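Residue numbers (mature numbering (1 follows the signal peptide of the UniProt record, and there is no 0)): -25 to -1, 1 to 361.
For reference, the structure discussed in these notes is given below.
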Amino acid sequence: MNRIMIKLCAFAVLLAVGSCGSVEGQEKNENPNQETNQLSEEHQTITQLRFIDEYIIPDGTVFQNTIVGGISGIDYANNTWYMISDDRIAPRFYTAAIALSSEGIAAINFTGITNFKDANGANVKESITDPEAIRYGHENIVWTSEGNIDKGIAPFLRTASLDGTFVSEATLPERYMPNAASTFGPRQNGVFEGLCVSYDREGYWVSMELPLKQDSEVPTLEDTDAKIRIAYINKATNAFEKEIVYDLDPVARPALLGTTFEVNGVAELFAYAENKFLVLERSFSTGYLDGGNTIKIYDVDATNATDVSGLASLKGAEYTEVSKTLLLDFETIRSELTGGIIDNIEGITFGPLLENGNRSLVLVADNNFSFFGPQLNQFILLEIEQ
């Protein structure tokens, strides 16, 4: 606890300093593996993930007249950290500097804030987006929104310049568009939760959080054979070109204390080699004092996966899904975290190399602005061992 309190004090000091800072003029790293956070071509196997540290940004922290919270995605490139806030009133992203080492996270210093613009150059209107993921790609920012399926607001994948200016938007196949059908289309809060730059840097991968209605049922405590699509978008054409299938785990724990909400889905993915991904699965059940979240990171291999983009439905179809191997179950590190709480982890990215040459891996939790009760702006630092 003393370690956490020291870090909170350090954060308060750096926040004040950071409000005067700027990301402009920072030196760019021309090493392609640094810029895109990939593993070197010589070492593309991950054997395990080792917990190093946790860092908590105090609830209610204010930076440049905004409350820091709802951080649903994170990326690292050119010595800068990019974090998207899922504030539907003012969709935005932050830039920051994070001081980390093999000993832990010493400080997080916010350096800038940028509002997303629409195609007309105005700030994106409130209540029409639900920002979920962010990636730095090709001198631009790529981000996703789940929209609001129940209200007929479509999800999207957009590209913006570093100043938030609208650049382009991917063209969605009909199956991802909201509609009134009970057997076809996306589910509310179950759309483009995960996003990453492809390993060849020629496009992006987006993952559904939950299955499309026509593909399968949602996960339950039993094995419902729940399948989601992970889709590839060509950055040059903004077109969806292929899709692969990922099998979701069952819900990890039953809801307690008279509550009934239970869910499991993919919160984020990250391409680290050709046909290789880290996939973050998050199961959540209400009624728990420890946050109710069960977080797992899988090593996913899509080498033999079938392109199912031509299938209207996965039910009854023949295809080969991706294979997955468990790398880390956060239950094994729960005792290392504040109050034994694993919060609403939604973002994952490679960070800089550690002193021993291993790559760092940083995760962040979306605290929902503590709207549903106290939650944590939680950052977790892991080491990738190869």
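Ideal Cβ placement from N, Cα and C applies to all residues, glycine included.
Please read all numbers here as calculations on a predicted model, not as lab measurements.
Thinking residue i and residue j are a contact (beta carbons under 8 Å), I'd like their distance in whole angstroms, please.
i	j	result
Asp190	Leu289	4 Å
Thr281	Tyr294	4 Å
Leu137	Arg334	24 Å between Cβ atoms; not a contact.
Asn90	Gly139	5 Å
Ala72	Asn84	5 Å
Thr144	Phe131	Here residue 144 is Glu; the residue named in the question, Thr, does not match the sequence. That pair is a contact at about 6 Å.
Gly79	Ile27	6 Å
Gly112	Tyr179	7 Å
Leu147	Arg110	With 8 Å as the limit, Leu147 and Arg110 do not qualify as a contact, their Cβ atoms being about 18 Å apart.
Phe252	Val275	4 Å
Asp222	Glu296	6 Å
Trp118	Ala129	Not really, about 15 Å apart at Cβ, beyond 8 Å.
Phe354	Glu29	7 Å
Might you give, ordered along the chain, the residues of its own chain that have their beta carbon closer than 8 Å to the beta carbon of residue i, omitting 5 neighbours on each side?
i	result
Asp93	Val99, Lys100, Phe141
Asn40	none
Thr158	Lys188, Gln189
Asp224	Pro194, Asn239, Glu256, Ser258, Lys271
Asn6	Because Asn6 sits at a pLDDT of 39, beneath the cut-off of 50, its placement in the model cannot be relied upon, and the point is left open.
Glu177	Asn209, Lys210, Ala211
Pro349	Asp34
Thr199	Ser191, Glu192, Val193, Pro225
Out of the options, point me to the one whose CA is closest to residue i's CA.
i	options	result
Leu301	Ala72, Ala108, Glu256	Glu256
Gly314	Leu336, Thr36, Tyr263, Thr119	Tyr263
Gly266	Ala340, Arg67, Lys202	Ala340
Pro106	Ile116, Gly112, Ala97	Ile116
Asn95	Ala72, Ile64, Ile355, Ala135	Ala135
Glu321	Ser47, Arg25, Thr22	Ser47
Asp125	Ser335, Asn333, Tyr174, Ser102	Ser102
Ile49	Phe236, Glu168, Ala201, Glu360	Glu168
Gln163	Val275, Pro148, Leu170, Pro153	Pro153
Gly35	Asn250, Ser173, Phe236, Asn352	Asn352
Ile205	Glu197, Ala227, Phe215, Asp175	Phe215
Gly45	Thr55, Ser60, Pro33	Ser60
Val220	Ala65, Gly79, Ser284	Ser284
Asn343	Ile323, Arg63, Phe68, Tyr51	Arg63
Glu243	Ala129, Glu114, Val172, Trp56	Val172
Trp56	Asn268, Tyr247, Val337	Val337
Met183	Leu196, Lys202, Asp175, Trp118	Lys202
Glu218	Thr20, Gly348, Ala277, Ile42	Ala277
Ser298	Arg309, Val254, Asn213, Pro33	Val254
Leu196	Tyr207, Leu185, Val226, Pro186	Val226
Tyr207	Val43, Tyr247, Val181, Ala230	Val181
Asn213	Ile42, Arg133, Gly160	Arg133
Taking the beta carbon of residue i as the centre, do at least 16 other beta carbons fall within 10 Å, making it buried, or is it exposed?
i	result
Asp318	buried
Leu356	buried
Gln23	exposed
Asn331	exposed
Ala211	exposed
Leu232	exposed
Gly326	buried
Glu114	exposed
Phe245	buried
Ser120	buried
Ala155	exposed
Val37	exposed
Thr235	exposed
Gly127	exposed
Thr269	buried
Thr20	exposed
Thr324	buried
Closer than 6 Å by C-beta to residue i: which residues in its own chain qualify, once you throw out the five before and the five after it? Chain order, please.
i	result
Val238	Phe259
Leu286	Ala292
Ala74	Ala81, Ala82
Ser77	Leu329, Glu330
Arg228	Ser260
Pro66	Phe91, Val99, Thr104, Pro106
Gly(-5)	Confidence in Gly(-5) is poor, its pLDDT being 34 and thus under 50, which makes the residue's placement unreliable; the coordinate value appears in the next sentence. So the list reads Thr86, once near-sequence residues are dropped.
Would you say residue i touches the ligand NAD, meaning its beta carbon is less than 6 Å from a heavy atom?
i	result
Leu24	Among the ligands in the structure shown, none appear at all, so the ligand NAD cannot be discussed.
With a CB to CB cut of under 7 Å and the five nearest residues on each side skipped, what residues in its chain are close to residue i?
i	result
Lys3	Residue placement at Lys3 is poorly supported in this model, since its pLDDT is 37, which falls under 50; the coordinates are not used for a value here.
Arg25	Leu357, Glu358, Glu360
Glu249	Tyr174
Leu185	Arg162, Gly165, Val193, Ile203, Gly240
Ile316	Asp265, Gly266, Leu351
Ala230	Phe236, Glu237, Ser260, Thr261, Gly262
Complete beta strand (DSSP E) runs within the stretch 280 to 322 (minimum length 3 residues, chain order):
The stretch 280 to 322 contains these whole beta strand (DSSP E) runs: 298 to 304.
Every unbroken beta strand (DSSP E) inside the stretch 34 to 74 [3 residues or more]
Correct list: 46 to 52, 55 to 60.
Beta strand (DSSP E) runs contained entirely in the stretch 326 to 358, provided each spans 3 or more residues
334 to 340
Can you list the beta strand (DSSP E) stretches of 3 or more residues lying completely in the stretch 62 to 143, in chain order?
67 to 76, 79 to 90, 106 to 112, 115 to 120, 131 to 135
3-residue-minimum beta strand (DSSP E) runs that sit fully inside the stretch 199 to 285, ordered along the chain
Within the stretch 199 to 285, the runs of beta strand (DSSP E) that reach at least 3 residues and sit entirely inside it are, in chain order, 202 to 209, 214 to 222, 237 to 248, 251 to 260, 268 to 276.
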